[in-house]
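This note's numbering numbers the first residue of the sequence shown as 955 and each following residue consecutively. The beta carbon of each residue, even a glycine, is placed where N, CA and C say it ideally should be.
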Amino acid sequence: PRSTLFPYTTLFRSNPLPTVTISGPGAICSGTTGTLTANSSTATSYLWSDESTASTLAVTNAGTYTVKVNDVNGCTSATASATVAVNALPTVTISGPSAICSGTTGTLTANSSTATSYLGSDNSTGSSFAVTGAGTYKVTVKDANGCISTTVSATVAVNALPVASVTQSGATTLCAGSSVALTATES
């Protein structure tokens, strides 16, 4: 039997929970910043694991980052998470002469076990580059992760060619079978 005291039925409708996903890099290079984005079509507010409340989060460290969102009904999503790794920067050294003689060419070589590309201060893109003048030569490398090394440099000096003067002693006329003494000195 139905009660006549409460003839009305009250219906409760539950609101669906908002959903959220995180997009962004799975890895960043050491010393750089990556941006994670909370993606939700119904979010009115965001709460990241570091207590920030924007829809994006700047990350500089390796770790797992989480976010929850609230919608207009006050409902809170399940937690979404994303893990970010930090890749080490590639290393590079330069080998080659610290001085060359005037009018000659020296070769500097960039040495890196992880480089996939090179960029010299003269815009050369090989691991070796020719130097013909005095100066500071710089190079950076990029690895398979897209990380770029710090710039390394090598300074090359140009040594002037020695000037020799030749003097003779003794006879000024040379006959077959005779000799003349020549003396060379650097000036």
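Residue i: first and last residue of the uninterrupted beta strand (DSSP E) it sits in
i: Cys1055; result: 1053-1055
i: Ile976; result: 975-977
Check whether residue i and residue j have beta carbons under 8 Å apart
i: Ala981; j: Ala1036; result: no
i: Ala1138; j: Val1120; result: yes
i: Asn969; j: Asn1027; result: yes
i: Thr1146; j: Thr1109; result: This structure leaves residue 1146 out entirely; the chain is present only between 955 and 1141.
i: Thr1034; j: Ile976; result: The amino acid occupying residue 1034 in the given sequence is Ala; Thr does not appear at that position. Yes; because the gap between Cβ atoms is below 8 Å, this pair is in contact.
i: Ala1130; j: Val1093; result: no
Close-in-space but distant-in-sequence residues of the same chain around residue i (CB under 8 Å, 5 per side omitted)
i: Ala997; result: Pro972, Val974, Ser1009, Val1023, Asn1024, Asp1025, Ser1031
i: Cys1029; result: Asn969, Pro970, Leu971, Pro972
DSSP three-state assignment for residue i, whether helix, strand or coil
i: Val1112; result: strand
i: Glu1140; result: strand
i: Val1117; result: coil
i: Ser1067; result: coil
Assumed close pair residue i, residue j - CB separation to whole angstroms, cut-off 8 Å
i: Leu1062; j: Tyr1091; result: 6 Å
Own chain, CB closer than 7 Å to residue i, minus 5 neighbours either side, in chain order
i: Ala1016; result: Val1038, Ala1039, Val1040
i: Val1134; result: Gln1122, Gly1124, Ala1125, Leu1128
Beta-carbon proximity list for residue i, same chain, < 6 Å, skipping 5 on both sides
i: Val1095; result: Pro1044, Val1046, Ser1066, Ala1069, Tyr1072, Ser1103
i: Ser1082; result: Thr1061, Thr1063
i: Gly1074; result: Phe1083, Val1093
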